[in-house]
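Trainee:
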Amino acid sequence: MPAVPARFSVLSKEFAAAPHRCFARLRERSPVHYEPAIDSYFLSRHEDVKRVLTDHEAFSTEMLQVRAEPVMRGPVLAQMTGAEHTAKRKIVVRAFTGRALERQIRAVHANAAELMAPFLARGRMDLVNDFGKPFAVHVALDVLGLDKGDWQQVAAWHGGVAEFITSLALTPERRRHCIDCAEQLEAYLLPVIGQRRSRPGDDLISRLCTAEFDGVVMSDRDVTALIINVLVAAAEPADKTLALLFKHLIDRPEQLAQVRRDPRLLAAAIAETLRYSPPVQLIPRRAEQDAVFAGATVPAGATVFCMIGAANRDPGAFSDPDVFDIHRPDLGAARSFTAAAQHLSFGAGLHQCVGVAFARAEIETVAAMLLPLLDEVRYSPGFRYREAGLYTRGPLALSLDFTPVG
Ligand code: HEM
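When the letters of the sequence shown are read in order and numbered with our numbering, they come out as residues -3 to 402.
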């Protein structure tokens, strides 16, 4: 098998500018790609990525102790295994399904209406910075039961936490900044946890404070970590997915028109957006034993990054994978938001995203609100589209013009 040119790197500017242009080359010529600068392996084929995510004995989440725990201030769900994982995951799942989900969708609606109102009459909005980012944080705060008046401060701390988790290499200064953010977020949360222990409400923090594991309530440290876990996991990919959905549809007016005519197609459009441009591009694991992929060995103890974007465009899994098509028969809108999903944008196996149902409902609700309001939607004059991020990836901005709403 020919090797990719020795100088090719997933840490290069070329890759950062447009990862999707390098995916085929990686899958075909270097499916087990080693990056010496960060001593890590990158897997790009669908079957290899799926194997890593579902073989929990051979590939563990141990490295999150150093990649996440310092800023999460305790162990996160993805680090847990066995009965502890099942029990604590259930608590979070309950807060995002059934009746609780219905309540949250009302909160999604109210937040979206309030945040979009000032932009409608202007006929111009940056869907990422004016709307998507504040919207995603507002909704996460509502679900957790935190004060939305503090959203800008929480968003700044959350930015530091997310930077720590999603950086492949951090300078000591940035590392210090991220830890500072996490410590301040923890100091903000601890008094709230104390209040909810004595006067529990209907929110997720109260549930975490009162739920028992093995007959014992969770410690402040465990509750803090799960709150930060949900805050980052819920807010980080939401605005990216929404903006990418609109970008892909604006770039394909025929598919946009079809979704406008039949909003039931929205679920399929969101699923295809997630497949085509997953906001979470990398999922890390540690190899617990030597593992062979495509004739190459990943040694025990090595860090392995699953390349979700590359796996989702593997022709072995999807026909014409580089084409965005909301009607593609090999995806299926219904199963795309379940454990049977063919795309890997929510991960796979035990640690598959707990927020799948909520993420779908959140994006579907807000997109269904926006579509009829953004009549004649198009890029603003002079707007230049740019994306950023290796670990999580999304548009830096999406400046849109539309017919002002009277
Ligand atoms: C489009 C939106 C979303 C995307 C693309 C996404 C993606 C992912 C991915 C790829 C994982 C797997 C991580 C791994 O295997 O290590 C994951 C796990 C997780 N997600 Fe999401 N997520 C989204 C929305 C949400 C929301 C709204 C929540 C809110 C609860 C959430 C909470 C979590 C949690 C707690 C985990 C860890 C689950 C576990 O380890 O058992 N996510 N997500």
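The C-beta atom is built at its ideal place from N, Cα and C for all residues, glycine as well.
Please report the residue range of the alpha helix (DSSP H) in which Phe115 lies.
Mentor: Taking the first residue of the sequence shown as position 1, residue 115 is located at position 119. Here the alpha helix (DSSP H) through Phe115 covers Gly94 to Leu116.
Trainee: Kindly indicate which three-state DSSP category Phe242 falls into: helix, strand or coil?
Mentor: By one-based count along the sequence shown, residue 242 stands at place 246. Helix, per DSSP.
Trainee: Classify Met121 as helix, strand or coil using the three-state DSSP reduction.
Mentor: On the sequence shown, position 125 is the one that residue 121 refers to. Met121 falls in the strand class under three-state DSSP.
Trainee: If you draw a straight line from the alpha carbon of Ile322 to that of Arg374, how long is it in whole angstroms?
Mentor: Here residue 322 corresponds to residue number 326 of the sequence shown, with the count starting at 1. Here residue 374 corresponds to residue number 378 of the sequence shown, with the count starting at 1. Between Ile322 and Arg374, the C-alpha separation is close to 20 Å.
Trainee: Which residue or residues does DSSP assign as beta-bridge partners of Gly390?
Mentor: Within the sequence shown, residue 390 is the residue found at index 394, counting from 1. Bridge partners of Gly390: Ala384.
Trainee: Within the stretch 312 to 394, note down every full alpha helix (DSSP H) run reaching 4 residues or more, in order along the chain.
Mentor: The qualifying runs are 352 to 369.
Trainee: Could you name the residues of the same chain whose beta carbon sits closer than 6 Å to that of Lys144, not counting the 5 residues immediately before and after it, in chain order?
Mentor: Your numbering for residue 144 matches position 148 in the sequence shown. Cβ neighbours of Lys144 beyond the five flanking positions: His134 and Leu137.
Trainee: Pop quiz: Leu270 and Phe301 are said to be a contact at Cβ under 8 Å. What is the actual Cβ separation, rounded to whole angstroms?
Mentor: Start at 1 with the first residue of the sequence shown, and residue 270 comes out as number 274. Start at 1 with the first residue of the sequence shown, and residue 301 comes out as number 305. Rounded, the Cβ-Cβ distance is 19 Å, inconsistent with contact.
Trainee: DSSP beta-bridge partners for Met303?
Mentor: Numbered from its first residue, the sequence shown carries residue 303 at position 307. Its beta-bridge partners are Leu278.
Trainee: Starting from Phe38, trace the beta strand (DSSP E) in both directions and tell me its first and last residue.
Mentor: Translated into the one-based positions of the sequence shown, residue 38 becomes position 42. Note, Phe38: beta strand (DSSP E), Ser36 to Leu39.
Trainee: Per DSSP, His16 forms a beta bridge with which residues?
Mentor: For this step, residue 16 is matched to residue 20 along the sequence shown. His16 pairs with nothing; no bridge assigned.
Trainee: At the level of alpha carbons, what is the spacing between Phe398 and Asp371?
Mentor: Stepping through the sequence shown from its first residue, residue 398 is reached at position 402. Stepping through the sequence shown from its first residue, residue 371 is reached at position 375. Each residue's Cα considered, the two are about 5 Å apart.
Trainee: Could you check what DSSP says for Pro(-2) in three-state terms: helix, strand or coil?
Mentor: Position 2 of the sequence shown, counted from the start, is the residue given in the question as residue -2. Low confidence applies here, because Pro(-2) scores a pLDDT of 42, under 50, leaving its location unreliable; read the following figure in that light. Pro(-2): coil per DSSP, three-state reduction.
Trainee: Strictly under 7 Å for the Cβ-Cβ distance: is Arg192 near chain B by that measure?
Mentor: In the structure shown, chain B does not exist; there is a single protein chain.
Trainee: Over what stretch of residues does the beta strand (DSSP E) that includes Ala287 continue unbroken?
Mentor: Within the sequence shown, the letter at position 291 stands for residue 287. Element bounds for Ala287: Ala287 to Phe289.
Trainee: Using a threshold of 7 Å, state whether the C-beta atoms of Tyr37 and Ala298 are closer than that.
Mentor: In the sequence shown, counting from the first residue as 1, residue 37 sits at position 41. In the sequence shown, counting from the first residue as 1, residue 298 sits at position 302. Their beta carbons are under 7 Å apart, which means Tyr37 touches Ala298 by this criterion.
Trainee: Is it buried or exposed for Tyr381, if we count other Cβ within 10 angstroms and need 16 for buried?
Mentor: Locating residue 381 in the sequence shown gives position 385, counting from the first residue. It is exposed - the Cβ of Tyr381 has fewer than 16 other Cβ atoms within 10 Å.
Trainee: Tell me whether Leu7 sits in a helix, a strand or coil according to DSSP, three-state version.
Mentor: Sequence index remark: in the sequence shown, residue 7 carries index 11 (1-based). Reduced to three states, the DSSP call for Leu7 is coil.
Trainee: Taking Cβ to Cβ, would you say Arg41 is nearer than 7 Å to Asp310?
Mentor: For the purposes of this step, residue 41 is taken as the residue at position 45 of the sequence shown. For the purposes of this step, residue 310 is taken as the residue at position 314 of the sequence shown. Yes. Within cutoff.
Trainee: Could you give the distance in angstroms between the alpha-carbon of Asp235 and the alpha-carbon of Glu10?
Mentor: By 1-based counting over the sequence shown, the position of residue 235 is 239. By 1-based counting over the sequence shown, the position of residue 10 is 14. So the two alpha carbons sit approximately 25 Å from each other.
Trainee: Rank Gly385, Cys349, Gly378 and Arg172 by C-alpha distance to the C-alpha of Thr93 and give the top, closest one.
Mentor: As a first step, residue 93 is located in the sequence shown; it is residue number 97 there, counting from the start. With distances taken between Cα atoms, Thr93 lies closest to Cys349.
Trainee: For Val104, which residues in the same chain have their Cβ closer than 6 Å to its Cβ, ignoring the five residues on either side in sequence?
Mentor: Sequence index remark: in the sequence shown, residue 104 carries index 108 (1-based). The answer, listed in chain order, is Val135, Glu358 and Thr361.
Trainee: Considering only the beta carbon of each residue, do Gly141 and Ile87 sit closer than 7 Å?
Mentor: Taking the sequence shown and counting its residues from 1, one reaches residue 141 at position 145. Taking the sequence shown and counting its residues from 1, one reaches residue 87 at position 91. Their beta carbons are not under 7 Å apart, which means Gly141 does not touch Ile87 by this criterion.
Trainee: What are the start and end residues of the alpha helix (DSSP H) that includes Glu43?
Mentor: Residue 43 sits at position 47 when you count from the first residue of the sequence shown. From DSSP, the alpha helix (DSSP H) with Glu43 extends over His42 to Thr50.
Trainee: Would Ser341 and Ile304 be called neighbours here (beta carbons separated by less than 7 Å)?
Mentor: Position 345 of the sequence shown holds residue 341. Position 308 of the sequence shown holds residue 304. It is a contact, given that the beta carbons lie within the stated cut-off.
Trainee: What does the alpha-carbon distance come out to for the pair Val6 and Ala12?
Mentor: Locating residue 6 in the sequence shown gives position 10, where the first residue counts as 1. Locating residue 12 in the sequence shown gives position 16, where the first residue counts as 1. Taking the straight line joining both Cα atoms gives about 7 Å.
Trainee: Who does Tyr30 pair with in a DSSP beta bridge?
Mentor: Taking the first residue of the sequence shown as 1, we reach residue 30 at position 34. Its beta-bridge partners are Tyr37.
Trainee: Can you tell which of Arg63, Leu366, Thr388 and Glu43 has the C-alpha that lies nearest to the C-alpha of Phe115?
Mentor: Taking the sequence shown and counting its residues from 1, the one referred to as residue 115 is at position 119. That would be Leu366, whose Cα lies nearest to the Cα of Phe115.
Trainee: Just how far apart, CA to CA, sit Ala265 and Asp199?
Mentor: Taking the sequence shown and counting its residues from 1, one reaches residue 265 at position 269. Taking the sequence shown and counting its residues from 1, one reaches residue 199 at position 203. Answer to the nearest angstrom: the Cα atoms are 31 Å apart.
Trainee: On the premise that Arg90 lies in contact with Ala96, defined as a C-beta separation below 8 Å, what is that separation, rounded to the nearest angstrom?
Mentor: Position 100 of the sequence shown, counting from 1, holds the residue named residue 96. Position 94 of the sequence shown, counting from 1, holds the residue named residue 90. Their Cβ separation, rounded to whole angstroms, is 7 Å, which keeps Ala96 and Arg90 in contact under 8 Å.
Trainee: Between Cys177 and the ligand HEM, is there a pair consisting of the residue's CB and a ligand heavy atom that are separated by less than 6 Å?
Mentor: Counting from 1 along the sequence shown, the entry for residue 177 is found at position 181. Outside the cutoff, so no.
Trainee: Tell me which same chain residues have a C-beta within less than 8 Å of the C-beta of Val255, skipping the five on either side of it?
Mentor: For the purposes of this step, residue 255 is identified with residue 259 of the sequence shown, where counting begins at 1. Correct list, in chain order: Leu245, Leu261, Leu262, Ala265, Ile322 and Leu367.
Trainee: Would you mind sorting Leu166 into buried or exposed? The rule is 16 or more other CB atoms within 10 Å of its CB.
Mentor: Counting from one through the sequence shown, the residue named residue 166 turns up at place 170. When all chains shown are included, Leu166 counts as exposed.
Trainee: To the nearest angstrom, report how far apart Asp218 and Ala64 are at their CA atoms.
Mentor: Position 222 of the sequence shown, counted from the start, is the residue given in the question as residue 218. Position 68 of the sequence shown, counted from the start, is the residue given in the question as residue 64. Those two C-alpha atoms are separated by around 14 Å.
Trainee: Pull up the CB-CB distance for Leu204 and Ile223, whole angstroms please, since I reckon it's below 8 Å.
Mentor: Counting from one through the sequence shown, the residue named residue 204 turns up at place 208. Counting from one through the sequence shown, the residue named residue 223 turns up at place 227. The pair is a contact, with the Cβ atoms about 7 Å apart (cut-off 8 Å).
Trainee: Per DSSP, which residues does Thr293 bridge with? Please list them.
Mentor: For the purposes of this step, residue 293 is taken as the residue at position 297 of the sequence shown. Paired residue(s): Val288.
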